[in-house]
Amino acid sequence: MIPDVSKALSWLEANPTVLDGICRGIERETLRVTPDGHLANTKHPESLGASLTHKWITTDFAESLLEFITPVDNNIDRTIDFLKDLHRYTARNLDNEKMWPLSMPCFIDREENITLAQYGTSNIGRFKTLYREGLKNRYGALMQTISGVHYNFSLPISFWQARLGVKDVETGKEQISDGYLRLIRNYYRFGWVIPYLFGASPAICPSFLRGRNTALSFEETEQGTCYLPYATSLRMSDLGYTNKSQSDLNITFNHLHTYVEGLKKAIHKPSAEFAAIGIKKKGNYLQLNTNVLQIENELYAPIRPKRVTKEGESPSDALLRGGIEYIEVRSLDINPFSAIGVNETQIRFLDLFLIWCALADAPEMENKELDCCRQNWSKVILEGRKPGLSIGIGYDIEQQPLKVVGQKLFRALERVAEVLDTYSGTQYQSVCKELVTMLEDPSLTFSGRVLDKMKAQGIVGFGLELANGYHQVLIEEPYSILNEESFSIQRDASVSLQHSIEQQDSMSFEDYLKLHAGH
C-alpha cells in the first residue's frame, strides 16, 4: 500500500527550512498551426533566432514543433512569468500562425508533410537532424509530433545535508544520487496520479490513426473524433511515446552505476529491426546507427535522472562524473486550460509529490515490479476515470481501488503542504484541497473536463478555438520579466553563435559520425 511516511514527515515538520531553495525549470512543446488547424509547413521563424543555439526558444522533432525552455529558478512566479514572456514574444512573431494548445497533434494530412527540425550546416546541427531522421524511420514521424511539458526539479543541498548527513555536493554525490533514485522508484510506483489528475488527451484527430494498427477499441463521433470514454492521456499510451524494442533492456533504478550500465549497453546493442532499415540509402543517411538506441536520449521514460553535461559529454558520463543533479518529469500533457500549457497548481502539486517520493521508503525494484507499475500506469492512462477502477501495489499484493490509494497519498501530501506553507500562506494546502476532489469525482479531472468538448467540436475545432483565444490574450499582455530588447539580444546572439560553430568545423561529417555515432 502507501508507504508509512509519518516518521519522515515528523522530521520534515521539525526542519521546514531544508526545503528552501527548491529549483525548477520548465520545457514546453507546441506545434505551429495554420488558421484552419493544419500543421504549419513554414520554417522556424527567423525572428525567433537560431534553434540550434537559442537559450529559450528552440525546436524539438519537427521544424514546426516549438520548444520553450525556462532558466533554472527557485521562484515559481518567476518561472511562470518567464514562460509567459516566451509565449508572448512568439505569439507576436508567428505571422498568422498559432500555437497548438493540445498534446495530441492537429490535423496532419500526410506524414511526409512533417519537416524534420533543421539546425544549419555544422556537424552538430546535421547530427541533430539525422537523429530525428532515425526517429522518423524507426517509429514514424506522427508519433514524434505529440507534445508535452517537462518539469525539471531539484531539492536544495540543505535537504540532503540534513536528511543524509552529506557535507557538500561533491563528497555526497553518491548518497544524493541514491536519494534521487529513491524518488524515481516511488514515482514509478505512484506517479500514475499525474496522468489521472492532469492527463488531457482522451481523444485524438482521426488523421493521427490513418494507416496505423492499434489494439485500442476507439469509439468515434459523427465527425470522426476517436476517443476512449475513460482515457486520461493517450499521449502516454502505446500510440504515443513508447518503444517496444526498449521493453527488454532491463534498465532499473536501484543504483546509479547499474542504471548507467544499462543505458550504455542499450546504445551499443544491435537491433535486427533497425538494421533492416539500413544506415544509408542512395547516398542519404537514414539513422545514426542500427542499435536499440541511437543515443541515450532515445530511451523513453516518464522520468529521467539528469545532470547538466559538459561539452562533448554524454548524459550518462555526466551522471557518473557528478551524480544526479536533478530529475526531469516527462508525464505532463499540455494543459489546455492554460495559454502556456501548464499552471501554478500543477507545479505546486509536483513539488509536493516529488518531495513525498524523496521521503517515502522505496525498496529496490526489479523488473517484475517495474512491469507491474507500468501496467498500473497503462490502466490509468486508458481507463483512469472508470468507476471502481483498481490498481496493483507491488507485484504480489492484491488490487486496491485507485480512489482509496489516491486519498491516502493526499493525506500525506497535505502534511508536506503544511511544511511548504510555513512561510508563505496556504498555497500548497489549497492545491491539495482542490485536487483531492478529483479522486471523488473523475469528471473534475483535466481529461473529464475536455472530453465532451472534444467530442462536440472535434479535436481541430476545440484546439483552434483555444489557440485563437490564447493568441489574442498573449499578444495583448505586456511582458513581465523580459522585453523586446532582451529577445533581440538573444536572437542575434543565437544566430551569431550558430554561424561561429559552422565556421569552426574542421572535420568531415562522416568522420564526425564515426566519432559520435558509433559508425
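My numbering puts the first residue of the sequence shown at 1, with every later residue one more than the last.
Quick reminder that beta carbons are idealized off the backbone N, C-alpha and C, glycines included.
As the structure is a prediction and not an experimental result, all values here were calculated from the model.
Check                                                                                                                                                                                                 : Outcome
By the three-class DSSP mapping on this structure, what secondary structure does L482 have?                                                                                                           : coil
List in chain order: all unbroken alpha helix (DSSP H) runs of 4+ residues lying wholly within the stretch 362 to 445.                                                                                : 367 to 383, 402 to 420 and 427 to 440
DSSP puts A62 in a beta bridge; with which residues?                                                                                                                                                  : L116
I believe E383 touches Y230 by the beta-carbon criterion, under 8 angstroms. Please report the beta-carbon distance rounded to the nearest angstrom.                                                  : 4 angstroms
With L249 and A276 assumed to form a contact (beta carbons below 8 angstroms), what rounded beta-carbon distance in angstroms separates them?                                                         : Wrong, their Cβ atoms sit about 19 angstroms apart, outside the cutoff.
Note down, in chain order, each residue of its chain lying with its Cβ closer than 7 angstroms to the Cβ of Q223, except the 5 sequence neighbours on either side.                                    : G458
Need the endpoints of the beta strand (DSSP E) that G25 sits in, please.                                                                                                                              : C23 to V33
If you count every other CB in all the chains shown that lies within 10 Å of the CB of D511, and 16 or more means buried, which is it?                                                                : exposed
Which term fits E298, buried or exposed, when burial requires 16 or more other beta carbons within 10 angstroms of its beta carbon?                                                                   : buried
Per DSSP, what kind of secondary structure is H471 in: helix, strand or coil?                                                                                                                         : helix
Given this structure, state the Cα-to-Cα distance separating L263 from V292, to the nearest angstrom.                                                                                                 : 10 angstroms
Report back the beta-carbon spacing between P195 and T225 to the nearest angstrom; my notes put them in contact at under 8 angstroms.                                                                 : Going by Cβ atoms, the distance from P195 to T225 rounds to 20 angstroms, so no, they are not a contact pair.
Is the separation between the beta-carbon of V419 and that of P45 shorter than 9 angstroms?                                                                                                           : no
Report the CB separation of E29 from I69 in whole angstroms; it is logged as a contact under 8 angstroms.                                                                                             : With 8 angstroms as the limit, E29 and I69 do not qualify as a contact, their Cβ atoms being about 10 angstroms apart.
Pick helix, strand or coil for V193, following the three-state DSSP scheme.                                                                                                                           : helix
Can you tell me where the alpha helix (DSSP H) holding E133 begins and where it ends?                                                                                                                 : N123 to Y139
Report yes if the C-beta distance between I303 and L83 is below 9 angstroms; otherwise report no.                                                                                                     : no
For the stretch 453 to 472 against the stretch 200 to 220, do three or more pairs of beta-carbon atoms, one drawn from each stretch, fall closer than 8 angstroms, so that the two count as touching? : yes
Whole angstroms are fine: how far does the CA of D36 sit from the CA of L320?                                                                                                                         : 48 angstroms
State the Cα-Cα distance for the pair Q429 and E414, rounded to the nearest angstrom.                                                                                                                 : 6 angstroms
Taking the alpha-carbon positions, what's the Q407 to S338 distance?                                                                                                                                  : 26 angstroms
Would you identify the three-state DSSP class for L249, choosing helix, strand or coil?                                                                                                               : coil
Would you say P105 and L142 are within 9 angstroms of each other, going by their C-beta atoms?                                                                                                        : yes
With R304 as the anchor, note down where its beta strand (DSSP E) starts and where it stops.                                                                                                          : I303 to K306
Tell me whether the stretch 173 to 185 and the stretch 432 to 444 touch, counting them as touching only if at least three CB pairs, one residue from each stretch, are closer than 8 angstroms.       : no
Is it right to say L164 is buried, meaning 16 or more other beta carbons lie within 10 angstroms of its own, or is it exposed?                                                                        : exposed
Do M99 and R24 have their beta-carbon atoms positioned less than 9 angstroms apart in this structure?                                                                                                 : no
Measuring CA to CA, which of H255, I108 and D178 is closest to F208?                                                                                                                                  : I108
Just the C-alpha distance for V473 and S103, rounded to the nearest angstrom, thanks.                                                                                                                 : 20 angstroms
Can you check the stretch 31 to 113 for any alpha helix (DSSP H) of at least 4 residues that lies completely inside it and give the ranges in chain order?                                            : 76 to 92
Can you give me the C-alpha to C-alpha distance between G211 and R110, rounded to a whole angstrom?                                                                                                   : 11 angstroms
Do you know offhand how far S488's Cα is from N93's?                                                                                                                                                  : 12 angstroms
Note down the Cα distance separating D238 from Y423, rounded to an integer number of angstroms.                                                                                                       : 43 angstroms
Does the distance from the C-beta atom of I324 to that of Y180 stay below 9 angstroms?                                                                                                                : yes
Taking the straight line between their C-alpha atoms, what separation do you get for T345 and K403?                                                                                                   : 20 angstroms
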